[in-house]
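Taking this note's numbering, I'd label the letters of the sequence shown as residues 443 to 534. Glycine residues also receive a C-beta, built at the ideal position from the N, C-alpha and C atoms. What follows is one structure encoded as structure tokens, with my remarks underneath.
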Amino acid sequence: MEVDAKVTTIHAVAGIIAGYISYVFSTGLISAIGKNETIAVLISLIILYIAGQVSERIFGKEAVGGTKGWLWSGIVPFFFIWLMVWVIFFNL
């Protein structure tokens, strides 16, 4: 498997996790926070950044292509999977 495919896989898994966490924050399952979509989006951006840093540390900065490499190899699958999972859980 190429490094780009592995980076994409890491970001896809992170997108699933971020989608569920966004659902939890946006529907008010945590009563102390209430319904807050802004926090849900901010947490997903933090998860995206963490996934990129994990990719760089696992495969090396040169193999990934630095921040620019993991951002472009991972942001599109992360975004679509995150949004899809969030909408699926939201509509349950």
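Distance between beta carbons of Phe467 and Ile481, contact taken as under 8 angstroms: 5 angstroms
Decide if the region 476-491 is in contact with the region 444-451; the criterion is three or more beta carbon pairs, one per stretch, under 8 angstroms apart. no
From Val527 to Ala456, what does the alpha carbon distance come to, in whole angstroms? 11 angstroms
DSSP state of Met526 mapped onto helix, strand, coil: helix
According to DSSP, is Lys477 part of a helix, a strand, or is it coil? coil
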